[in-house]
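Chemist:
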Amino acid sequence: MTVFEDFECPFCAKIGAKVKLFQALYPGRVNFVFKHMPLTSIHPAAQLASEAAVEAQVQGKFWEYHDILFQNQKALDRPNLERYAEQVGLDMAKFKTIIG
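Note that the working numbering numbers the sequence shown so that position 7 is -9, with each residue one more than the last.
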């Protein structure tokens, strides 16, 4: 299953919850592919949030970071992205290199 999401999109947040339910119902039977689709014309913070999530993936913490971003959709500025990264235990030196 391929999921296209924008971290500022409220509808994407609802789908994200359904994806977790689907994973629980069919463990090991469904492959999920997450595709970043920041709609920057209406969600100005979505691009940076996506870039931050990619670094979380590189560090093995994508789903934890994904969940925090969707729980805090209205607070996706750089300082908050860094705070969320610290909360999930990312290497902050590497993280800050990526998001500037």
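All residues carry an ideal CB built from backbone N, CA and C; glycine is no exception.
Please report how far the alpha carbon of Phe79 lies from the alpha carbon of Lys58, in whole angstroms.
Modeler: C-alpha separation (whole angstroms): 21 Å.
Chemist: Please look up how many angstroms separate the CB atoms of Leu60 and Phe(-9), rounded, as I've assumed it's under 8 Å.
Modeler: Right, the Cβ-Cβ distance comes to about 6 Å (below 8 Å), so this counts as a contact.
Chemist: Classify His20 as helix, strand or coil using the three-state DSSP reduction.
Modeler: In this structure, His20 counts as strand in the three-state DSSP scheme.
Chemist: Return the bridge partner residues of Val(-13) from the DSSP annotation.
Modeler: In the DSSP output, where bridge partners are listed per residue, Val(-13) has Phe18.
Chemist: Assign Ala37 to one of three DSSP states: helix, strand, or coil.
Modeler: Helix, per DSSP.
Chemist: Using a threshold of 7 Å, state whether the C-beta atoms of Ile83 and Ala36 are closer than that.
Modeler: Yes. Within cutoff.
Chemist: Can you tell me the Cα-Cα spacing of Gln31 and Leu5, whole angstroms?
Modeler: Each residue's Cα considered, the two are about 26 Å apart.
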